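Asker: Residue numbers (our numbering): 3 to 177.
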């Protein structure tokens, strides 16, 4: 009885002409995007994405998609606008199907990790712990010396005595 009607899918959009535009400032609108990308060729589609749920509802997501009529126009826009500053942020532009690879201009790795030898790593940890203990001891000695000079030994003993009587007074069961 219940027949499910199949809707024919639209033909796949030409993904080689479609650009991802990211790192957009929240002040950037669809008007700005069209104004920036129109000089490089005929725009077929512009998809500006908004938050639809939650506390950020109605705010832009910070990225959009631009589709040109030809791949050459998309390539020209990408080469001209990638890294250009718009509202204090550099645009990140890539083709939709393009793999993301972090490459820096100076061709140095972002983080140069070297695997330390096991013994060297343990020695570093031990020396770090020793230096931390030394700093704690010197800090504690300085605080103790300052309390002795201000209040004398009598105040330190009195403070400790009142603390111990406090413990004895509030024990739940007497011994």
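Just so it is clear, CB atoms sit at the ideal spot from N, CA and C, and this is done for glycine as well. Only a predicted model underlies this, so the values are computations on that prediction, with no experimental measurement involved.
Going by DSSP in three states, residue 17 sits in which element: helix, strand or coil?
Answerer: If you number the chain shown from 1, residue 17 lands on position 15. Helix.
Asker: DSSP three-state label for residue 126, please.
Answerer: Your numbering for residue 126 matches position 124 in the chain shown. Reduced to three states, the DSSP call for residue 126 is helix.
Asker: Are the region 60-75 and the region 39-52 touching, with three or more C-beta to C-beta distances below 8 Å?
Answerer: Contact holds: three or more Cβ-Cβ distances are below 8 Å.
Asker: Whole angstroms are fine: how far does the CA of residue 136 sit from the CA of residue 142?
Answerer: On the chain shown, position 140 is the one that residue 142 refers to. On the chain shown, position 134 is the one that residue 136 refers to. Using only the alpha carbons, I get a separation of about 10 Å.
Asker: Within the continuous beta strand (DSSP E) that includes residue 28, where are the two ends?
Answerer: In the chain shown, residue 28 corresponds to position 26, counting from 1. Unbroken run through residue 28: none, as it is neither H nor E.
Asker: Quick one: using the 10 Å Cβ neighbour count with 16 as the cut-off for buried, is residue 80 buried or exposed?
Answerer: By one-based count along the chain shown, residue 80 stands at place 78. By the neighbour-count rule (16 or more Cβ atoms within 10 Å), residue 80 is buried.
Asker: Would you identify the three-state DSSP class for residue 89, choosing helix, strand or coil?
Answerer: In the chain shown, the residue the question calls residue 89 occupies position 87. Reduced to three states, the DSSP call for residue 89 is coil.
Asker: For residue 17, count the other beta carbons within 10 Å of its own beta carbon; 16 or more makes it buried, fewer makes it exposed. Which is it?
Answerer: Counting from 1 along the chain shown, the entry for residue 17 is found at position 15. Exposed, because fewer than 16 other Cβ atoms sit within 10 Å of the Cβ of residue 17.
Asker: DSSP three-state call for residue 62: helix, strand or coil?
Answerer: The residue given as residue 62 occupies position 60 in the chain shown. Three-state DSSP puts residue 62 in a strand.
Asker: Let's see if you can read the secondary structure: which residues bound the alpha helix (DSSP H) around residue 75?
Answerer: One-based indexing of the chain shown puts residue 75 at position 73. Per DSSP, residue 75 belongs to the alpha helix (DSSP H) from 73-83.
Asker: When you compare only the Cα positions, how much space is there between residue 56 and residue 30?
Answerer: Counting from 1 along the chain shown, the entry for residue 56 is found at position 54. Counting from 1 along the chain shown, the entry for residue 30 is found at position 28. Going from the Cα of residue 56 to the Cα of residue 30 covers about 21 Å.
Asker: DSSP state of residue 139, grouped into three classes?
Answerer: Position 137 of the chain shown, counted from the first residue, corresponds to residue 139. The answer is helix: DSSP assigns residue 139 an H, G or I state.
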